[in-house]
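Visitor: Numbering (this note's numbering), first residue to last: 104 to 300.
For each residue, glycine too, the CB sits at the ideal point set by N, CA and C.
Handing you this structure, nothing more for now.
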């Protein structure tokens, strides 16, 4: 069995209040660093053998705080990136006005990812690492919709047309504990605690 802690990045700076997507920048805020340290203390009791993340600053800084606890280097993989959308850089007010509907056909036609594609790349990464780290525990830091798509499908549900930032959406610096069998198939998924103040 392999245990993967699939975690959303911690809170970050966004003074312009825009949809960040895959744009550079957006480091952790002071509160975000505290949240990541609380997460690291929680994980310190686990036998973590590897830490992976996306290249985006908010995820990378979260992963680095966790990795320092275990004296590990952070692995970077593009399959863990936030969603690809032509809406990155748009004001958050606009995103709220369209109810965070990134997967409309007009946005897909302009180069955006479909939610099933987001799930597909994240799922492939997790299954690959579950086999590579057979019998071990690892941490994977990613982004909201990739994590939510995994949480949905691994719980036996169909992907929705979109996700909205409701109470059940994965909190920052939290996520899921997923147990995989020896063949790399997910067998059990559960929510992690919140590490906000």
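1) Report the residue from 219, 232 and 169 whose alpha carbon sits nearest the alpha carbon of residue 147.
2) Three-state secondary structure (DSSP) at residue 188?
3) Is residue 293 near residue 150, with beta carbons less than 7 Å apart?
4) Taking DSSP as the reference, what is the three-state secondary structure of residue 273?
5) Looking at the unbroken beta strand (DSSP E) that takes in residue 105, where does it start and where does it end?
6) Let's see if you can read the secondary structure: which residues bound the alpha helix (DSSP H) around residue 198?
7) Just verifying my parser: in three-state terms, what is the DSSP assignment at residue 74?
8) Classify residue 208 as helix, strand or coil using the three-state DSSP reduction.
9) Using a Cβ-Cβ cutoff of less than 6 Å, which residues in the same chain neighbour residue 175 once the five nearest sequence positions on both sides are dropped?
10) Using CA coordinates, which residue listed in 283, 298 and 249 is at the minimum distance from residue 77?
11) Return helix, strand or coil for residue 291, following the three-state DSSP convention.
12) Could you give the DSSP three-state label for residue 240: helix, strand or coil?
Guide: In this structure, then:
1) 169
2) coil
3) no
4) coil
5) 105-111
6) 195-200
7) In the structure as shown, the chain begins at 104 and stops at 300. Residue 74 is therefore absent and cannot be evaluated.
8) helix
9) 154
10) A query on residue 77 cannot be resolved here, the shown segment of the chain reaching from 104 to 300 and no further.
11) strand
12) strand
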